[in-house]
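Heads up: take any position in the sequence shown, counting from 1, add 4, and you land on my numbering. Everything below concerns the one structure shown next.
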Amino acid sequence: MITTISNSILTAQIKHTGAELCSLKDNSNKEYIWNGNPTFWGKHSPVLFPIVGTLKNNTYQYENAEYHLSRHGFAREMEFELIDKQENSATFSLVSSEETKEKYPFDFELQLIYTLKDKSLKIEYKVFNKGESKLPFSIGAHPAFDLPGNFENYSLAFEKEEPLNYYLLEDGLISNTTNELTLDKNELHLNYKLFENDALVFKKITSKSIIILENSNPFLKVSYSDFPDLGIWTPPNAPFICIEPWFGYSDKVDKFGNLFEKEGVQVLEANTTFHSVFSIVII
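Structure, rendered in structure tokens:
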């Protein structure tokens, strides 16, 4: 099932499975979101919850019991309920259940709120701790932006000129190796070799927005002032780029254990709410 929202400039479509954005078009019918062709990657823009990335051995401990969570968590595969719909906005909800508690023994509600205003799509994440104990989680975005034509015609302009050190992944886990990106001023020219070792992972990145350019012409901006961490990824020869604002990331290769002690994890007190926002702006 798909819900459509629109204004005079943009139209967005969201799948109820995963509350996943699957289309964002302007009024010239230009598509900005990857079409989900499984030859490269069968997703469009999944939400990552209650973990971002991979746990070592896909396992963690809580109160002397062992639990298993697959890469990026389960929310992206679950059916959300549409709880509010306006012409230009939609709110989706996922509530904990016996099924989720087998993997993640906490009481929560996750809401995704999509709102179109002028040339921007605002995406809000709300996590409600509905239990009596603390709620440990990570959450992140994974939007894939369509890049037709020659991949090397595109570049990413970071908001700030800064040393951009990123962590290499090793079997999906954060390795102890970092590299520094070579920028042209604050611009990264894209090529597939950058992603030979999977995603580029930035912890506590200073730049809070990235602009995508084609042949030096800007056409889309991702703003994520609330989010401390970032991933950038594409698989081999794929015609898209993922710009992924995160709270948290994979386990390190030499760390394993308690979810509360996981690097980058958020801890929400009982009966409180977490709220974060990022936006996609058409330029």
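In this text, a Cβ means the ideal position worked out from N, Cα and C, and glycines have one as well. Given the structure is predicted, the values throughout are model-derived calculations rather than measurements.
In the three-state reduction of the DSSP assignment, Tyr-196 falls in the helix class, which pools H, G and I. In this structure Ala-79 does not touch Asp-88 by the C-beta definition: roughly 18 Å separates them, more than the 8 Å allowed. By the Cβ rule, the region 200-218 counts as touching the region 162-171, because three or more pairs are nearer than 8 Å.
According to the DSSP assignment, Lys-164 belongs to no beta strand (DSSP E), since it is labelled neither H nor E. DSSP places Glu-113 inside the beta strand (DSSP E), whose first and last residues are 112-121. For Thr-95, the enclosing beta strand (DSSP E) has its first and last residue at 93-99. For Glu-184, the uninterrupted beta strand (DSSP E) segment begins and ends at 177-184.
Taking a C-beta distance under 9 Å as the contact criterion, Glu-91 and His-20 do not qualify as a contact pair. Sixteen is the threshold: since fewer than 16 other Cβ atoms of the shown chains lie within 10 Å of the Cβ of Gly-153, the residue is exposed. Bounds of the alpha helix (DSSP H) holding Glu-102 are 102-105.
Between Ile-178 and Gly-57, the C-beta gap is smaller than 9 Å, which places the two residues in contact. Across the set Asn-195, Ala-16 and Asp-30, the C-alpha of Ala-16 shows the shortest separation from the C-alpha of Glu-24. Around the Cβ of Thr-119, a 10 Å sphere holds 16 or more other Cβ atoms; the residue is buried. Taking 3 residues as the shortest admissible run, the region 31-105 contains the following complete beta strand (DSSP E) segments, listed from N- to C-terminal end: 63-66, 69-72, 85-90 and 93-99. If you check the CB distance, Ser-142 and Phe-260 do not come in under 9 Å.
When DSSP states are grouped into helix, strand and coil, Asn-262 belongs to the strand group. When secondary structure is reduced to three states using DSSP, Glu-191 falls in the strand class.
Following the DSSP letters along the chain, one finds Pro-232 in no beta strand (DSSP E), marked with neither H nor E.
Rounded to whole angstroms, Glu-166 and Thr-186 show a C-alpha spacing of 11 Å. Two segments are said to touch when three or more pairs of C-beta atoms, one from each, lie closer than 8 Å; by this definition the region 147-161 touches the region 35-43.
Ser-211 is not bridged by DSSP to any residue. A distance below 6 Å between beta-carbons, with the five flanking residues on each side excluded, links Asn-262 to the following residues of its chain, in chain order: Gln-65.
Counting C-beta atoms within 10 angstroms of its own C-beta, Ile-117 has 16 or more neighbours from the protein chains shown and is therefore classed as buried.
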